[in-house]
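Worksheet for the structure shown next.
Numbering (my numbering), first residue to last: 15 to 292.
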């Protein structure tokens, strides 16, 4: 959120001076979303910024008139039918493009050419069907089978990760999700203990122990979100603000994690990396 505030300041909006922000955080408890969305609607705020899919869904259910700017959503098609000219009251900045999710399996196979079975971790509360379908399509083309694992809290993730091992998956793809960002250390620790390569959706996860990430840094999305909030406050309609996909997708690799799981990152993959954590 620091980048969102910086973006707002750069556009002349300073919290506590000419800007009031009503902050709401679920702290990983999705069941609180509906009441929080209702609170914000009752306050008659000018615009609502939401992070990821569940908050977007809850806020859309609470209001059809207050503009909503979503940030770091995996499958924007679930909320916006016309991405170029949104018809409802929501637009924003997805975490990754659909095309980027296709790269997850490709990049794992570049490191693990004999990869045959990959687990995909998704949030049960989130709708990640588009991303999951793209991963399945890419995996099928490469002769790799997909094992979906759903989880909505820390306890379910622990259970799901154990299922990954019993299912004999050889790697884990973690679909971008706020819950998984919070629990990245838990996921990464488990993966290292079981010597499983992991693929995440942004570099922050790799800094916390993931092996690889292919995606955009969420900080950049929050900064861009400020531009849409600014335009809405100045009278722009949602239909004038297309859903904006990231244009620069980066590959990040953590060599410490690679060493911990007994993997040597090949020279070709290292050359493709935008950032290498030594």
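Note that the Cβ used here is the ideal one computed from N, Cα and C, for glycine as well.
Note that the structure is a prediction, hence the values are computed from the model and not measured.
Considering only the beta carbon of each residue, do residue i and residue j sit closer than 8 Å?
i           : j           : result
residue 236 : residue 85  : yes
residue 121 : residue 132 : no
residue 63  : residue 243 : yes
residue 82  : residue 70  : yes
residue 109 : residue 218 : no
residue 76  : residue 102 : no
residue 156 : residue 188 : no
residue 185 : residue 129 : yes
residue 38  : residue 50  : yes
residue 220 : residue 90  : no
residue 25  : residue 36  : no
residue 260 : residue 152 : no
residue 253 : residue 100 : yes
residue 222 : residue 192 : no
residue 74  : residue 104 : yes
Spatial neighbours of residue i within its chain, please: C-beta separation below 7 Å, excluding the five flanking residues on both sides.
i           : result
residue 245 : 255
residue 115 : 145, 148 and 149
residue 274 : 206
residue 279 : 125, 267, 269 and 272
residue 160 : 132, 134, 149, 150 and 153
residue 72  : 47, 48 and 51
residue 59  : 36 and 80
How long is the line joining the alpha carbons of residue i and residue j, rounded to whole angstroms?
i           : j           : result
residue 97  : residue 276 : 43 Å
residue 32  : residue 61  : 15 Å
residue 134 : residue 247 : 39 Å
residue 11  : residue 88  : Not covered by the structure: residue 11. The range shown for the chain is 15 to 292.
residue 16  : residue 30  : 15 Å
residue 281 : residue 179 : 29 Å
residue 289 : residue 190 : 19 Å
residue 78  : residue 283 : 46 Å
residue 23  : residue 142 : 33 Å
residue 265 : residue 232 : 14 Å
residue 204 : residue 158 : 22 Å
residue 136 : residue 251 : 33 Å
residue 249 : residue 214 : 37 Å
Measuring alpha carbon to alpha carbon, tell me which of the options ends up nearest residue i.
i           : options               : result
residue 42  : 19, 31, 23 and 66     : 66
residue 183 : 240, 137 and 212      : 212
residue 296 : 290, 286 and 291      : No answer is possible for residue 296: the residues shown for the chain start at 15 and end at 292.
residue 270 : 226, 261 and 113      : 226
residue 216 : 200, 208, 204 and 194 : 194
residue 181 : 127, 208, 167 and 100 : 208
residue 27  : 249, 265, 241 and 250 : 241
residue 40  : 250, 167 and 249      : 167
Excluding the five sequence neighbours on either side, which residues of its own chain have a C-beta within less than 6 Å of the C-beta of residue i, listed in chain order?
i           : result
residue 174 : 163 and 165
Return yes when the C-beta of residue i is under 7 Å from any heavy atom of the ligand ATP, and no when it is not.
i          : result
residue 46 : The ligand ATP is absent from the structure shown, which contains no ligands of any kind.
Report, in whole angstroms, the separation of the C-beta atoms of residue i and residue j, which I expect to be a contact under 8 Å.
i           : j           : result
residue 169 : residue 202 : That pair is no contact at about 17 Å.
residue 291 : residue 263 : 18 Å between Cβ atoms; not a contact.
residue 210 : residue 171 : Their Cβ separation, rounded to whole angstroms, is 14 Å, which puts residue 210 and residue 171 out of contact at 8 Å.
Give me, in chain order, the residues of the same chain whose beta-carbon lies closer than 8 Å to that of residue i; leave out the 5 immediate sequence neighbours on both sides.
i           : result
residue 239 : 18, 21, 63, 83, 85, 106 and 107
residue 234 : 17 and 260
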